[in-house]
Amino acid sequence: MSNILLITSSPRGAESQTSRLAADLAHKLNKQLAGSTLTIRDLYAQSLPHIDAAYVQGRMLPADGRDAGQSVAVAQAETLVAELQAADIVVIGSAMINFGPSTQLKAWVDHITWPGVTFKYADGKAEGLVTGKKVYLVTASGAVFTEGPFAAFDFHSNYLKHTLGFIGLTDIEQIRVEGLGYGPAVAEVAIANAEAVVESVLAKAA
Numbered sequence: 010m011s012n013i014l015l016i017t018s019s020p021r022g023a024e025s026q027t028s029r030l031a032a033d034l035a036h037k038l039n040k041q042l043a044g045s046t047l048t049i050r051d052l053y054a055q056s057l058p059h060i061d062a063a064y065v066q067g068r069m070l071p072a073d074g075r076d077a078g079q080s081v082a083v084a085q086a087e088t089l090v091a092e093l094q095a096a097d098i099v100v101i102g103s104a105m106i107n108f109g110p111s112t113q114l115k116a117w118v119d120h121i122t123w124p125g126v127t128f129k130y131a132d133g134k135a136e137g138l139v140t141g142k143k144v145y146l147v148t149a150s151g152a153v154f155t156e157g158p159f160a161a162f163d164f165h166s167n168y169l170k171h172t173l174g175f176i177g178l179t180d181i182e183q184i185r186v187e188g189l190g191y192g193p194a195v196a197e198v199a200i201a202n203a204e205a206v207v208e209s210v211l212a213k214a215a
């Protein structure tokens, strides 16, 4: 039995390639893996608030020491962390926005990167506490970032892999859709290649 967590975040909604491909992968895995469950977190349809003083201060306090605003802020983060901890497979759709993830996804990252809960420091070193999970990271970009002049500017993938790894999610397989801004012909090939990778992932998971 596998618990699958699908996280989509593109502000393009239904037109998003990352949302479509991530959802396709997650739903097919759910159907393919016997007894699996699927939890969906659509960060565009139900956006999270950006973290504020209530969250930053409240998460460092015991539950009975929080005021009403802090309790609400921390409860939201606890829900997100619980979803992540319960998952065996995490599928994340993330479109590159100005060389990084969308603000919707960044807000999710800020809520789940929680000292003492999803990571800790031991002997002066950080240790991720969310381990033993497979992550499929579906990304899209207008340009090509795996090689060429834009490769040095892939802060998007590098940031997500680093941050997820920091909390213990190190088994990450990326599915890229690149060059969507280079015209319909290039975009069509990029989408077809990504769809082929999705099918390959499903074949290996069978």
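With the working numbering applied, the sequence shown corresponds to residues 10 to 215, in that order.
Don't be surprised by glycine CBs; every beta carbon is placed ideally from N, CA and C.
Residues that DSSP places opposite residue i in a beta bridge
i, result
"residue 12", "46"
"residue 129", "136"
"residue 60", "Answer is none; residue 60 lacks a bridge partner."
"residue 182", "145"
"residue 109", "106"
"residue 51", "17"
For residue i, the three-state DSSP class (helix, strand or coil)
i, result
"residue 102", "strand"
"residue 187", "coil"
"residue 146", "strand"
"residue 155", "coil"
"residue 74", "helix"
"residue 17", "strand"
"residue 193", "helix"
"residue 33", "helix"
"residue 141", "coil"
Proximity to residue i [Cα-Cα], best of the options
i, options, result
"residue 135", "15, 115, 177", "177"
"residue 147", "81, 17, 215", "17"
"residue 140", "175, 201, 44, 155", "175"
"residue 118", "180, 172, 29", "172"
"residue 120", "29, 57, 200", "57"
"residue 201", "212, 188, 213", "188"
"residue 167", "214, 51, 108", "108"
"residue 125", "133, 137, 116, 132", "137"
"residue 179", "142, 186, 214, 158", "142"
"residue 193", "77, 110, 93, 152", "152"
"residue 203", "190, 183, 191, 215", "183"
"residue 90", "73, 79, 50", "50"
"residue 106", "209, 19, 155", "19"
"residue 214", "23, 35, 21, 47", "35"
Nearest-angstrom Cβ-Cβ length linking residue i and residue j, presumed shorter than 8 angstroms
i, j, result
"residue 86", "residue 123", "6 angstroms"
"residue 114", "residue 52", "6 angstroms"
"residue 37", "residue 169", "About 22 angstroms; that fails the 8 angstroms criterion."
"residue 199", "residue 186", "5 angstroms"
"residue 165", "residue 116", "At roughly 16 angstroms, the Cβ-Cβ gap does not stay under 8 angstroms, so residue 165 and residue 116 are not in contact."
Checklist entry - Taking contact to mean at least 3 C-beta pairs separated by less than 8 angstroms, is the stretch 97-104 in contact with the stretch 66-86? => result Result no; under three Cβ-Cβ pairs closer than 8 angstroms.
Next on the checklist: I want to know whether the stretch 24-31 touches the stretch 61-74 - three or more CB-CB distances under 8 angstroms.
Outcome noted: no
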